[in-house]
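Scroll down for the structure; my scribbles are underneath it.
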Amino acid sequence: MDAMALPAPLIEPRDLREVHLGNGLKVLVQPVHTAPLVSVWCWYRVGSRDETPGLTGVSHWVEHMNFKGTTNIPRDQMKGIVERFGGMWNGYTWIDQTTYLETAGRDALDQMLFIEAERMSNGIYDPAECESERTVIISELQGGENDPDQLLDSEVTATAFRAHPYRHPTIGWIEDLRRMSRDDLYSHYRRYYIPNNATLVIVGDVEVDEALRLAERRFGGIAPGPIPLRNAAPEPPQRGERRVTIERPGTTAYLKVAWHAPAATDPDFFPMLVLDAVLTGAKGTNIWSSFRGQPPQRRARLYTALVESGLASTVSGALLPTADPFLYTLSLTAMKGIPLSAVETAVFEEVERVRTSGALEAEMARARRQLRARTVFENDSVTNIAHQLGYFETVTGPGFYTALRDRIDAVTPDQVADVARRRLSRQFCTVGWFRPQETRP
Amino acid sequence: MTTAVTRGLSPVRSRLDNGSVVIVQENATSPAVTILATFLAGSLYDPPDLPGLAHLAGRVLDRGTALRPAEVIAEQLDDRGVALRVSTSRHTTSLGCTCLAEDFDDVLAIVLDVAVRPVFPEEEIDKRRAEIITMLRQDEDNPAVRAAETLFEMLYGAAHPYGRPAKGSIASLERMERADIVALHQARMRPAALTLTVVGDVAAGHALERAAVELQGWAAPPPAPVAVEAPPPRSARAVRAVSVPGKSQTDIAYGFVAIRRLDPRYYAYWVMNNILGQFGLGGRLADNIRERQGMAYYAFSAFDPSVGEGPLVVRAGVDPANVSRAITAIDHEVGELGAHGPTAGELEESRRYLIGSIARMLETNQGIATFLQTSEQFNLGLDYDRQLPRHLGAVTLEEVRAAAAEVLHPEQAAIATAGPAREAGAA
């Protein structure tokens, strides 16, 4: 079954056009004519890794401000421009990147490019709007804190890193959010939002030459700037297991175990991706869409060992393509009445088993096949195709994305056993417990 | 192979001899196929003393059939990268998945085997029951869920199928036996209750043929219809505060009972809801609560008409100190729109948005499958994607004003808040 002939997937787009404008903006245009839609994404090489102590969360806050009006699009008109074409818009900030998108009918292409060009160069950052958004972001943070799993994730990440700025949450620490000024936001915006630090991706029902002409018209006049250096402090080697326990009111216990993961461009990344599929089922690599819903995991080792045995109600693994080494995290929800220690013991037994004996050939075949299927499923729309093109261009650089399938196919059982042995050692892990304090009788 | 979505959908529909309906839409955007098998068999059909039974049945459905033990189903799906989702709503139980086009025949056979021949092993029932109990415990600790469940109970009453939690309670789960699940499956998941929707890189004729083969020999009389009772009438405002200790934020659920999906006023209500709490960041509500007052990350409204009168619900998550202020802002926006209706500009913006967004609704195979299944469930026609712009375009200002005036009365709102104990009490 593993030797199947996968139909030519969309990750090898034959008609992809790549152009650099004179100001350094990279433009990727991929025609897809199956629906009368166009998706435009503008990506910036700036994320929470680019923040210094005291200014954590500034990238995300800047993203919010970039929906609050520009010189030529008043705030109250910003929301209606794409909606008139039936469009949706959004944006997100993560550790390595910030991105904005619109997907709408093809007639809206020029309007979408206008919005993104305005966002790149003409943000207003009205002081009153900055203040108003401060409390919106604090509300977003508090909403996240309502979820014990998210709370634990922040603590585990902060415990796992000592030096690298991946340690702080993308939304920032609340003390920084309370203190940051409008000038902090605006200087961050001006430093990173320049054409030579961005990639514009256009996918959908477009003629390539026309799309490039419109992109040149909207973006060509924006002046470049000095490319910001990305000097994130390297993370020193971990010398021993770390632990964090949160005790708060709640009803359910959660466990997380995190190890330092390879960066996407590290040769270990693809063996780790296969290893994760063996342990928890393949998710794919599209962080915009693939992590919603359960992966195929009923035969995955940790599912059978923990969920089928009744120790946990859910298990998931997260290995994401990142620019620097981030984390490989296992997350589990303990069944009612099962102590976290029992869940943790069972997790480490399985991890030790794969470290000692590697993966079976049947598991390897299943994992590879799952990952190859996910590369098809996660490219099922112009929005998703555009995300994948922009994500990998921004996070890993050119050439990585189109090689995904071959790199997955090339992973050997020895490589999987090797990364398990070297990387999933107990001394390199951080264990997080959320222990609920029952408050009701 | 056509790429039909460019010029509107062109689904093929067939009713099999046993009463099941099969709908196929070809779409070659990617070499994948989405399968959605939906039964009119949701929590509406739970016995009164066993709320949550349909949900438990759905969780056990794919854990063993007369032809395939649970581990074989798991292996056959996992080997093909397929995650089968069984979801239970008020009215339906759906089995949904996406597979590679080359695996379509095999995966369709598994999905229909699971739908038609489940054996509900005792051991699997016990495991999934325990999982649901853990889920219920998580829900108890989730202010968003607590606020919503409290609101639905206030709007419909605890015994109404729209008012009781679809997952049931720990007590009801502990009372359920295998015979209850088998009886529910036999009574409700019958051929005439099934709509099988297939969307993707597969020839319609082939998909219809495979469905007919896989369902051959499966026959039973149509299930008896069950009416949805009208909810009790409301006339006075009511507020309930739920304490969820240790939380940073309070969730607000504020709502009314609205109309049925097939009510002629449906499109006017849809446009009205878009203006109130959807357009842009979240309509008038987000403009006030988020943009002007900076009080919440999210504030929006949702309109969910169904077989029975569905709810119109406003949601917001706010600092516990701002609960009263947020409710005042919701009252203001709800009251304004109810008293004066929208402006002509708002109507035009929302109509254009909703009409234009139809193509996006149909961007993925899953989106198309859901659209076709809903069209079949409510008998809207195979060309509904082409009729929908006409329906939305015909909505007038007077109709939207009338819809707003009918339902948006702050003095009759039901309001539930859930959050830290000290601040949960709302005005």
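Chains A and B are the protein sequences, given in the same order.
Its first residue numbered 24, the first sequence is counted upward by one per residue in the numbering used here.
Its first residue numbered 4, the second sequence is counted upward by one per residue in the numbering used here.
Here a beta-carbon is modelled for each residue, glycine too, at the ideal position from N, C-alpha and C.
A quick note: this is a predicted structure, and the numbers were derived from the prediction, not measured.
Point to revise | Uninterrupted alpha helix (DSSP H) stretches inside the region 376 to 431 of chain A (no shorter than 4 residues) | key: Correct list: 384 to 400, 405 to 418.
Check your understanding: Going along the chain, which residues of its own chain have a beta-carbon closer than 6 Å to the beta-carbon of P124 (chain B), five neighbours each way excluded?
Key -> Answer for P124 (chain B): G67, listed in chain order.
Exercise for review: Return yes when the Cβ of G413 (chain A) is within less than 7 Å of the Cβ of D144 (chain B), no when it is not.
Suggested key: In terms of Cβ geometry, D144 (chain B) and G413 (chain A) do not form a close pair [threshold 7 Å].
Point to revise | Distance, Y270 (chain B) Cα to S353 (chain B) Cα | key: Computed Cα separation, rounded: 11 Å.
Exercise for review: Whole angstroms is fine: what's the gap from M358 (chain A)'s alpha carbon to Q141 (chain B)'s?
Suggested key: Between M358 (chain A) and Q141 (chain B), the alpha-carbon positions lie close to 10 Å from each other.
**Study point:** Every unbroken beta strand (DSSP E) inside the region 159 to 241 of chain A [3 residues or more]
**Key:** Taking only runs of at least 3 residues, the beta strand (DSSP E) segments lying wholly in the region 159 to 241 of chain A are 221 to 227.
Practice item. For the region 49 to 61 of chain A, enumerate the residues whose C-beta is nearer than 9 Å to any C-beta of chain B, in chain order. Key: Those would be V55, H56, T57, A58, P59, L60, in chain order.
Exercise for review: Count the other C-beta atoms from every protein chain shown that fall within 10 angstroms of the C-beta of N254 (chain A), then say buried if there are 16 or more, exposed otherwise.
Suggested key: N254 (chain A) comes out exposed.
Check your understanding: Which class does N89 (chain A) belong to by DSSP, given the choice of helix, strand or coil?
Key -> In the structure shown, N89 (chain A) sits in coil (DSSP, three-state: anything other than H, G, I, E or B).
Review point. With 7 Å set as the bound, which would you pick, yes or no: does the beta-carbon of E230 (chain A) sit closer than that to a beta-carbon of chain B?
Key: By this cut-off, E230 (chain A) is not an interface position.
Point to revise | Any beta strand (DSSP E) of 3 or more consecutive residues that is wholly inside the region 83 to 171 of chain B | key: You should have 88 to 91, 96 to 103.
Check your understanding: If we count Cβ pairs, one from each stretch, closer than 8 Å, do we get three or more for the region 153 to 167 of chain A versus the region 376 to 388 of chain B?
Key -> No, because fewer than three Cβ pairs between the region 153 to 167 of chain A and the region 376 to 388 of chain B fall closer than 8 Å, the two stretches do not touch.
Practice item. Could you say which of A:T368, A:D232, A:D172, A:V330 lies nearest to Y277 (chain A) if we only look at CA atoms? Key: The residue among A:T368, A:D232, A:D172, A:V330 with its C-alpha nearest the C-alpha of Y277 (chain A) is A:D172.
Review point. Which value, in whole angstroms, describes the spacing of the CA atoms of G109 (chain A) and L357 (chain B)?
Key: If I take the Cα positions, the gap works out to 6 Å.
Check your understanding: Per DSSP, L199 (chain B) forms a beta bridge with which residues?
Key -> Paired residues: B:V25, B:A40.
Practice item. Just the chain B side, please: which residues come within less than 9 Å of E168 (chain A) by C-beta, in chain order? Key: Counting only Cβ-Cβ distances below 9 Å, E168 (chain A) has contacts in chain B at K250, S251, Q252, in chain order.
Review point. Would you call N113 (chain A) buried or exposed, if buried means 16 or more other Cβ atoms sit within 10 Å of its Cβ?
Key: N113 (chain A) is exposed by the Cβ-count criterion.
Point to revise | Segments assigned beta strand (DSSP E), at least 3 residues, entirely inside the region 320 to 354 of chain A | key: Counting whole runs of 3 or more residues, the region 320 to 354 of chain A contains the beta strand (DSSP E) stretches 335 to 342.
Review point. By the 10 Å Cβ neighbour count, where 16 or more other Cβ atoms means buried, how is L265 (chain B) classified, buried or exposed?
Key: Taking all protein chains shown into account, L265 (chain B) has fewer than 16 neighbouring C-beta atoms within 10 Å of its C-beta and is therefore exposed.
Practice item. Mind checking which residues open and close the alpha helix (DSSP H) that includes E336 (chain B)? Key: Element bounds for E336 (chain B): 326 to 343.
Check your understanding: For the beta strand (DSSP E) that E177 (chain B) lies in, which residues bound it at each end?
Key -> From DSSP, E177 (chain B) is part of no beta strand (DSSP E) but of the alpha helix (DSSP H) over 173 to 178.
Review point. Is the distance from the Cβ of T182 (chain A) to the Cβ of E141 (chain A) below 7 Å?
Key: The answer is no: Cβ separation not under 7 Å.
Exercise for review: Would you kindly report the start and end of the unbroken beta strand (DSSP E) that includes Y269 (chain B)?
Suggested key: Where Y269 (chain B) is concerned, there is no enclosing beta strand (DSSP E), although the alpha helix (DSSP H) it sits in stretches over 269 to 280.
Check your understanding: Where do the ends of the alpha helix (DSSP H) carrying S144 (chain A) lie?
Key -> Start and end: 132 to 144.
Exercise for review: Establish whether the CB of D81 (chain B) and some CB of chain E are separated by less than 7 Å.
Suggested key: The displayed structure is made up of protein chains A and B, and chain E is not among them.
Review point. Where does F293 (chain A) fall in DSSP's three states?
Key: Three-state DSSP puts F293 (chain A) in a helix.
Point to revise | Nearest residue (CA-CA) to H58 (chain B), options B:M179, B:H163, B:E105 | key: Nearest option by C-alpha distance: B:M179.
Review point. Can you check whether the CB of P247 (chain A) is closer than 7 Å to the CB of N46 (chain A)?
Key: Yes, they are a contact pair.
Check your understanding: Using the beta-carbon of each residue, which ones in chain A are nearer than 8 Å to R363 (chain B)?
Key -> Result: L60, G109, G110, M111, T126, A127.
Check your understanding: Taking the continuous alpha helix (DSSP H) assigned at D437 (chain A), which residues delimit it?
Key -> It spans 436 to 446 - the alpha helix (DSSP H) in which D437 (chain A) sits, taken as one unbroken run.
Review point. Whose Cβ in chain B lies nearer than 8 Å to the Cβ of G273 (chain A)?
Key: Per Cβ cutoff of 8 Å: D144, G249.
Practice item. If I'm right that L60 (chain A) touches V442 (chain A) with Cβ under 8 Å, what's the distance once you round it to whole angstroms? Key: Not really, about 40 Å apart at Cβ, beyond 8 Å.
Exercise for review: Please state if the CB of V326 (chain B) and the CB of T420 (chain B) are separated by a distance shorter than 7 Å.
Suggested key: Cβ distance < 7 Å, so T420 (chain B) and V326 (chain B) count as in contact.
Exercise for review: Please report the Cβ distance between V434 (chain A) and V297 (chain A), rounded to the nearest whole angstrom; I am assuming they are in contact, meaning their Cβ atoms lie under 8 Å.
Suggested key: Between V434 (chain A) and V297 (chain A) a beta carbon distance of about 5 Å is seen, short of the 8 Å cut, so the two are scored as contacting.
Check your understanding: Does the beta-carbon of Q28 (chain B) have 16 or more other beta-carbons within 10 angstroms, so that it is buried, or is it exposed?
Key -> With 16 or more other Cβ atoms within 10 Å, it is buried.
Check your understanding: Looking at C-beta atoms only, is the number of pairs between the region 161 to 168 of chain B and the region 46 to 58 of chain B that lie closer than 8 Å three or more?
Key -> The region 161 to 168 of chain B is in contact with the region 46 to 58 of chain B.
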